[in-house]
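Student: Numbering (the UniProt record's numbering), first residue to last: 1 to 188. The following block contains the structure, expressed as structure tokens.
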Amino acid sequence: MKRFFNSFYERTGIIADPAQRSVASRVSALLIEGTVVFSLLGTVGVDTSPLIAAAGVTGATIGFACKDFGANFVASIALAGQSSLRVGNDLTVGTGPNTVSGKVVNWDTRYLYLRNKDGQMVCVPNNIILTSVVCWNNAPASAYGGAGTTTATTMDKSEMDKKWQAMADKASKEHAIPREPAKDAKKP
């Protein structure tokens with residue numbers, strides 16, 4: 001089933017990157033297979049309500065025991081389609097002393113695999129990718145309207161607030177994004 005989805009995503013061009021296509025194919029196959037199994041059991045006459053209840057309890061137990069794996073799996077779904085995570089891209093993940101840099105060599109439901117400048121393979125959990133600053137160092141100029149390169153910097157909250165406000169001002173001017181009304185403004 002995974003091969004079918006992988007082939008489908010490749011032929012249609014929905015997901016271009018092979019690593020991202022593999023993750024999406026695995027998730028799609030699991031969803032369809034689970035649906036088919038429960039449908040067949042119901043068709044054969046098996047009462048599936050106790051099975052669904054047992055699956056819920058079992059899922060909660062396994063989910064609690066494997067919360068990191070589950071968090072990485074869910075993060076991989078949330079990250080699917082991110083063009084910055086494609087194989088060959090040069091990324092920096094994190095800020096300050098917790099920074100990891102390297103070229104993306106693979107990506108699956110648990111890790112993003114980076115090869116650093118020393119040739120070491122670094123496995124970064126997907127939930128870390130989802131919650132960290134990710135700088136796409138070799139981004140093309142067309143990516144998200146950027147200039148082609150980015151650098152990570154550490155700054156205090158007031159400096160970050162100023163930069164955020166400047167970006168919001170620029171976006172509202174360029175794209176006519178309405179501002180939130182003042183909290184003390186009178187309603188019509």
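All C-beta atoms in this analysis are idealised placements derived from N, C-alpha and C, irrespective of residue type, glycine included.
Which residues share a DSSP beta bridge with residue 161?
Tutor: As a working note, residue 161 is residue 161 in the sequence shown. Bridge partners of residue 161: none, in fact.
Student: One question on the structure: do residue 24 and residue 15 come within less than 8 Å of each other, judged by their Cβ atoms?
Tutor: Start at 1 with the first residue of the sequence shown, and residue 24 comes out as number 24. Start at 1 with the first residue of the sequence shown, and residue 15 comes out as number 15. Contact flag set, yes.
Student: With a CB to CB cut of under 8 Å and the five nearest residues on each side skipped, what residues in its chain are close to residue 121?
Tutor: Working through the sequence shown from its first residue, we reach residue 121 at position 121. Around residue 121: 105, 113, 114 and 115.
Student: Drop a sphere of 10 angstroms on the beta-carbon of residue 9, count the other beta-carbons inside from all chains shown, and report buried for 16 or more, exposed for fewer.
Tutor: Taking the first residue of the sequence shown as 1, we reach residue 9 at position 9. The residue is buried, with at least 16 neighbouring Cβ atoms inside 10 Å.
Student: Please determine if the segment 93 to 110 and the segment 43 to 56 are in contact, where contact requires at least 3 C-beta pairs separated by less than 8 Å.
Tutor: Not touching, per the Cβ criterion.
Student: Going by the beta-carbon positions, is the gap between residue 258 and residue 17 smaller than 8 Å?
Tutor: With the chain represented from 1 up to 188, any question about residue 258 goes unanswered, as that position is not in the structure.
Student: For residue 151, I'd like the list of residues in its chain whose CB is within less than 6 Å of its CB, leaving aside the five on either flank, ordered along the chain.
Tutor: Residue mapping note: residue 151 aligns to position 151 of the sequence shown, counting from 1. Reliability of the predicted coordinates at residue 151 is poor, the pLDDT of 45 falling under 50, and the value obtained from them is presented with this limitation in mind. Cβ within range, chain order: n/a, list empty.
Student: My understanding is that residue 56 touches residue 63, with C-beta atoms under 8 Å, so please give their C-beta distance in whole angstroms.
Tutor: Taking the first residue of the sequence shown as 1, we reach residue 56 at position 56. Taking the first residue of the sequence shown as 1, we reach residue 63 at position 63. 10 Å between Cβ atoms; not a contact.
Student: Give the secondary structure of residue 103 by DSSP, where H, G and I count as helix, E and B as strand, and everything else as coil.
Tutor: As a working note, residue 103 is residue 103 in the sequence shown. Strand at residue 103.
Student: With a 10 Å radius around its C-beta and 16 neighbouring C-beta atoms as the bar for buried, classify residue 75 as buried or exposed.
Tutor: Counting from one through the sequence shown, the residue named residue 75 turns up at place 75. Buried: at least 16 other Cβ atoms inside 10 Å.
Student: Could you tell me which uninterrupted beta strand (DSSP E) segments, each at least 3 residues in length, are contained entirely in the UniProt domain "Mechanosensitive ion channel MscS" (71 to 134), listed from first to last along the chain?
Tutor: Counting whole runs of 3 or more residues, the UniProt domain "Mechanosensitive ion channel MscS" (71 to 134) contains the beta strand (DSSP E) stretches 90 to 93, 100 to 107, 111 to 115 and 121 to 125.
Student: CB residue 140 to CB residue 72, shorter than 8 Å?
Tutor: Position 140 of the sequence shown, counting from 1, holds the residue named residue 140. Position 72 of the sequence shown, counting from 1, holds the residue named residue 72. Result no, Cβ atoms of residue 140 and residue 72 do not sit closer than 8 Å.
Student: Quick check: residue 165 and residue 107, are their CB atoms within less than 8 Å of each other?
Tutor: Mapped onto the sequence shown, residue 165 falls at position 165. Mapped onto the sequence shown, residue 107 falls at position 107. No; because the gap between Cβ atoms is not below 8 Å, this pair is not in contact.
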